[in-house]
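Protein chains: 2
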Amino acid sequence: MTGDRSDLPLVPDLNLINQSLAIVCGKWRLYIILLLGKQTLRYGKISEMLPGVSEKVLASELKTLVALGVMKRKAYAEIPPRVEYTLTKKGLLILPILKQIQEIGRIFN
Amino acid sequence: MTGDRSDLPLVPDLNLINQSLAIVCGKWRLYIILLLGKQTLRYGKISEMLPGVSEKVLASELKTLVALGVMKRKAYAEIPPRVEYTLTKKGLLILPILKQIQEIGRIFN
DNA sequence: TTGTTAACTACCCTATTTGGTACTACTTTT
DNA sequence: AAAAGTAGTACCAAATAGGGTAGTTAACAA
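Order-wise, the sequence lines are chains A and B. So in UniProt numbering, spot 22 of the first sequence is number 22, and the numbers just go up one at a time. So in UniProt numbering, spot 94 of the second sequence is number 94, and the numbers just go up one at a time.
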């Protein structure tokens with residue numbers, strides 16, 4: 001869902017909506033965000049809770065979500081490695097909004 | 001964003017959220033819905049207002065949105081053809097929810 | 001007869017997203 | 001000396017999304 005569309009007739013606030021969707025759209029985004037909404041989790045645990053994601057995809061999604069500021073990564077200097085992922089304050093604010101997004105689904109049921 | 005994930009640990013209401021996103025995610029979906037939110041439009045007019053979409057993609061997006069029940073298609077038996085697209089009642093209900101979705105974008109600004 | 005017009009479809013191609021899996025690094029355990 | 005344990009990365013492949021454009025149709029105008 002990429003590409004430059006900045007020259008389109010301006011529909012007010014379209015950019016904000018697109019930013020929102022850029023955060024939650026993606027096959028696994030929602031799952032990851034919702035899982036972390038309940039607790040801090042280690043990489044391996046997330047992987048376990050989402051049978052079906054490949055390691056490669058999970059790692060890259062986590063990296064993206066951290067870059068977006070949705071979650072933070074805390075690595076402990078241990079062997080074997082231990083890394084914990086937690087929603088940021090901003091990330092936590094997404095949760096109630098997801099409730100609103102549900103409404104669209106409800107309409108079309 | 002497809003693929004079977006029905007065997008995942010149940011996060012309540014995940015399915016509804018996914019249904020919602022299935023409606024609004026996509027490079028042009030939002031534009032089309034917002035444009036039709038203001039007025040009924042003919043195919044050619046939508047195409048004109050969205051420089052950048054290919055006919056192929058626009059046609060297929062419209063078809064999908066009609067199938068989803070977001071908008072309806074009215075074809076007149078004329079030559080050359082005339083076809084009008086209008087949001088359904090359900091489709092109209094999406095608009096206020098988009099306002100909520102904006103909030104996520106606002107958080108990450 | 002030829003050209004126009006509008007809303008597509010058919011066909012093919014590129015780009016982006018997602019998936020699979022072997023490999024790495026470094027300690028502790030066997 | 002070999003194996004286990006964790007969080008990845010590298011590299012390649014498959015699937016899905018999106019793009020480009022010629023062709024189709026039927027009536028009417030020139």
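Where is the CB? At the ideal position from N, CA and C, for every residue including glycine. Since the structure is predicted, the reported quantities are computational estimates derived from the model, not experimental observations.
- According to the DSSP assignment, residue 49 of chain A belongs to the alpha helix (DSSP H) that extends over 43-49.
- With 16 or more other Cβ atoms inside 10 Å of its own Cβ, residue 29 of chain A counts as buried.
- Contact check between the region 46-58 of chain B and the region 45-57 of chain A: fewer than three CB pairs, one atom from each, fall below 8 Å, which does not count as touching.
- Taken through DSSP and simplified to helix, strand or coil, residue 70 of chain A comes out as coil.
- CA-to-CA, the gap between residue 76 of chain B and residue 93 of chain B works out to about 26 Å.
- DSSP places residue 16 of chain B in the uninterrupted alpha helix (DSSP H) bounded by 14-24.
- By the Cβ rule, the region 93-106 of chain B counts as touching the region 15-30 of chain A, because three or more pairs are nearer than 8 Å.
- DSSP places residue 84 of chain A in the strand class (E or B) of the three-state scheme.
- The C-beta of residue 83 of chain A comes no closer than 8 Å to any C-beta of chain B.
- Annotation for residue 35 of chain A: the continuous alpha helix (DSSP H) segment containing it runs 29-38.
- Looking only at B:88, B:89 and B:106, the smallest Cα-Cα distance to residue 90 of chain A is reached by B:106.
- In terms of beta-carbon proximity, residue 19 of chain B lines the interface with chain A, with at least one pair separated by less than 8 Å.
- Contact fails between the region 78-86 of chain B and the region 64-80 of chain A, because fewer than three Cβ pairs, one in each stretch, are under 8 Å apart.
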